[in-house]
Amino acid sequence: MIAVLICVLISLSVADKLDDLYPELEQSRTIYVVENGPQLSVVAEQSKVVSRRGGNATLPCKIQRDQSLAPNRKMRIKWTKLTSDYLKEVDVFVAMDHHKRSYGSFHGRVHLQGFSPMDASLVITEITLEDYGRYKCEVIDGLEDGTVVVSLDLEGVIFPYFPRLGRYNLNFYDAERACRDQDAIVASFDQLYDAWRGGMDWCNAGWLSDGSVQYPITTPREPCGGKNTVPGIRNYGLRDKDKNHYDVFCFTSHYKGRFYYLIQPSKLTYDEAVKACQKDGAQIAKVGQMYAAWKLLGFDRCDAGWLADGSVRYPISNPRRRCSPTEAAVRFSGFPDKKHKLYGVYCFKGHD
Amino acid sequence: MKVNTCCISTFSSSSVYNNGAFLVFLVYFGQSAPHVRMYQNNNRIKAKINLTFSQRDNTVNEPGSPTISPVSHRIKWTHVTKEKVTPILVASEGKVYVEVEYLDRVMMVNYPVVPTDASVEITELRSKDSGIYRCEVMHGIEDDHDSVDIQVQGIVFHYRAISTRYTLTFEKAKAACIQNSAAIATPAQLQAAYDDGYHQCDAGWLSDETVRYPIHVPRERCYGDKETFPGVRTYGVRDVNETYDVYCFAEKMSGRVFYSTSVEKFTFYEARDQCAKLGARLATTGELYLAWKAGMDVCNAGWLSDRSVRYPVNISQHCSPPHSIFTNHLLHSCGSFCPPLCGVIE
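Heads up: the protein sequence lines correspond to chains A and B, in order. For the first sequence, the UniProt record's numbering assigns the number 1 to the initial residue and increments by one for each residue that follows. For the second sequence, the UniProt record's numbering assigns the number 1 to the initial residue and increments by one for each residue that follows.
Below you can see the structure in the form of structure tokens.
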């Protein structure tokens, strides 16, 4: 209560000062202004921009003002990133006059393109997987304001994932960690939708970044939502992020480095595989890196090899007998006993 | 000197208001530590929110350098629902721009006399006003915002005795509303219901002893005092012994309404016993309206405690016009042998 009183007293003292500064305010009270439609609008020539991890992107945003108006001294431009919670936005960048500020993980990676005073486009450099999403450009000019939303899409690959523990073992937070451990992030619904349009069919439900659980079906069949149903993405809706357990759909994009199969005189156990990569100045590769190499670089190798999570896989771009006869795919041989001396190894050497 | 606005958050995040009431958001920001208080009494809410203007660095104003005007900050209020964001008003440099939709029912309480007071008052609350209210304050490149969730509850409904039209004196009208878990509606509540889309061509008592009815689509015999213009018609203050229908306002209920399905047919008394058997009692008309507003959808008529027979329709297209309560019991198939609509206190 004391604090409230202080607040009121301070408000009053501010008011006193203002009376000196603006003696006319006391009489004028509030002026209610109704204008003839907006004179400011904000547009984006594209609603979607595509880039890749490590690349740059320019999110377009153009200010349009009534020509007859005097040019404004102080327009304020603010970029925020939208989240799946419609009430929450993440600050990215703000500029007004000569003042500029960037926030959090965007610090040092964002600036205005600034081709003209009416250009509010935002340049993002060294793009990360987390930068994927929708961005809002807000321009404020006195009483008026305008906004436009631009999507940043990333080239990449989506893959279903479950760890050594087995199927349906991840709550949402485990799922986030599992993707990160495989050099990926939890995929969005739009990314899964694009993959489904490209023919993805997977009959295990997995977490998506908005907290929903879904799976893509192109060939309807009985255990996957029913035989006589139309193809589509089966949706379990938003699930309890703590209590419910599923697989996950991960997304990854281009990497900076080299993914390769390590030629060895004999087959290896898991521990030998880890050491062999280290000896080669590299590290045992992650699942996301194999998917990125396969999808984005056309990597093809018909040798089953260990990966960092203890799984054994091999990437096939050219389907052929004995490897992957019907489709281009990353083939999965399961999570064998780590002591089995039966497989090769895939390594990854980062360019830092 | 740079100015930093900081840290606003509401003390409580949700409040409930009645249809036709008004609410006030009080937002203060001054040169003090961040501090928030929300008050609620009757139909008012006060959210006091401080923004701190602090010096971000140690530079000192040079003598004669321009100072930042204390009213140069910009205040924006918006109404946010999942579907859309609707601007309400923007205030800056002593001017307030109010969106047309809010023109006559929103005002800033103390701005610009106290420029650090961003409080607004919204009157004539209607159901559509439920949702999140967001206040953004901006100063130079600094900004901050806060929001509060408001639920507008209650429903105005037209009521007449089961006998026939226009039989209620003012005293009987008040009693009829009370018997149906409601109170006689105020003119402001009827106006808010009209603004929400309510239309009814039957004259009814209101709490100020006037008789009115809400008309969106004027037609012959409903023209009243406004001819072909839409609006709430009024007969003015009437002699309390004249007889009309009544408009009641049901605010909230503590239990729920359910429909007792059965192949049997029930007379009114059997229906009453059936509810008792289920640990409940016959629901009132006011309770049924509240249940309907909350989404209840039943395509079969049921007995209510005032011996009327009604059923609530929200979706079912084939029952009656959707989004209505069907009330003409004489026309319904089960006649006077309907199953009961029971109410239970939870």
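We put the CB at the ideal spot given by N, CA and C, even for glycine.
{"Check": "Beta strand (DSSP E) runs wholly inside the UniProt domain \"Link\" (155-250) of chain B, at least 3 long, in chain order", "Outcome": "155-159, 210-215, 231-237 and 245-250"}
{"Check": "Which listed residue (C137(A), N171(A) and S151(A)) has its alpha carbon closest to that of D145(A)", "Outcome": "C137(A)"}
{"Check": "Contact test: I185(A) Cβ vs the ligand MG heavy atom, cutoff 8 Å", "Outcome": "With respect to the ligand MG, the structure shown offers nothing to examine, as it has no ligands at all."}
{"Check": "Residue nearest to T167(B) in terms of C-alpha spacing, selected from S181(B), M107(B), N241(B) and I178(B)", "Outcome": "N241(B)"}
{"Check": "For S47(A), the nearest candidate out of T58(A), G54(A), Q289(A) and S105(A) (CA to CA)", "Outcome": "T58(A)"}
{"Check": "Among A291(B), D196(B) and E136(B), nearest to D129(B) - alpha-carbon criterion", "Outcome": "D196(B)"}
{"Check": "Neighbour flag for M118(A) against chain B, beta carbons, 9 Å", "Outcome": "no"}
{"Check": "I258(B) - DSSP class collapsed to helix/strand/coil", "Outcome": "It should be noted that the sequence gives Phe, not Ile, for residue 258(B). Three-state result, F258(B): strand."}
{"Check": "Rounded Cβ spacing between H99(A) and G140(B) (contact assumed at less than 8 Å)", "Outcome": "6 Å"}
{"Check": "Helix, strand or coil at Y132(A) according to DSSP, with G and I counted as helix", "Outcome": "coil"}
{"Check": "F332(A) to V92(A) span [Cα, whole Å]", "Outcome": "40 Å"}
{"Check": "Residue burial classification, H216(B) (beta-carbon count within 10 angstroms, cutoff 16)", "Outcome": "exposed"}
{"Check": "Neighbour flag for A118(B) against chain A, beta carbons, 9 Å", "Outcome": "no"}
{"Check": "Residues near K88(A) by beta carbon distance below 7 Å, same chain, minus five either side", "Outcome": "none"}
{"Check": "C-alpha distance - K293(B) paired with D143(B), whole-angstrom precision", "Outcome": "39 Å"}
{"Check": "Partners in chain A for V148(B), counting only beta-carbon separations shorter than 7 Å", "Outcome": "Correct list: empty, because the minimum Cβ distance to chain A is about 11 Å."}
{"Check": "Whole-Å CB distance - L82(A) paired with A95(A), under 8 Å assumed", "Outcome": "L82(A) to A95(A), Cβ: 19 Å. No contact."}
{"Check": "Proximity of D131(A) and I124(A) at Cβ, strictly below 9 Å", "Outcome": "yes"}
{"Check": "Residue-level contact to chain A via CB, S305(B), 9 Å cutoff", "Outcome": "no"}
{"Check": "Length of the line joining the Cα atoms of Y173(A) and F229(B)", "Outcome": "59 Å"}
{"Check": "Host beta strand (DSSP E) of E155(A) (start-end)", "Outcome": "Careful: E155(A) lies outside any beta strand (DSSP E) and carries neither H nor E."}
{"Check": "Residue closest to K279(A), alpha-carbon to alpha-carbon, out of L262(A), E222(A) and F115(A)", "Outcome": "L262(A)"}
{"Check": "Run of the beta strand (DSSP E) containing F310(B), from where it starts to where it stops", "Outcome": "A small fix is needed here, since residue 310(B) is Arg in this sequence, not Phe. Its beta strand (DSSP E) spans residues V309 to V313."}
{"Check": "Exposed unless 16 or more other CB atoms sit within 10 angstroms - verdict on V345(A)", "Outcome": "buried"}
{"Check": "Rounded straight-line distance, which links the Cα of S68(A) to that of V50(A)", "Outcome": "36 Å"}
{"Check": "Neighbour-count burial assignment, H35(B), 16 or more Cβ in a 10 Å radius", "Outcome": "Any reading at H35(B) must be qualified, since the residue scores a pLDDT of 28, below 50, and its modelled position is unreliable; the value itself is stated next. By the 10 Å Cβ count, H35(B) comes out buried."}
{"Check": "Cβ of residue 398(B) within 9 Å of any chain A Cβ", "Outcome": "This structure leaves residue 398(B) out entirely; chain B is present only between 1 and 346."}
{"Check": "Interface flag, I132(B) vs chain A, CB-CB below 9 Å", "Outcome": "yes"}
{"Check": "Chain B residues whose Cβ lies nearer than 7 Å to that of G142(A)", "Outcome": "S92"}
{"Check": "Option nearest F268(B) by Cα separation, candidates E124(B), P340(B), D149(B) and R212(B)", "Outcome": "P340(B)"}
{"Check": "Backbone CA spacing between Y223(B) and R233(B) [nearest angstrom]", "Outcome": "8 Å"}
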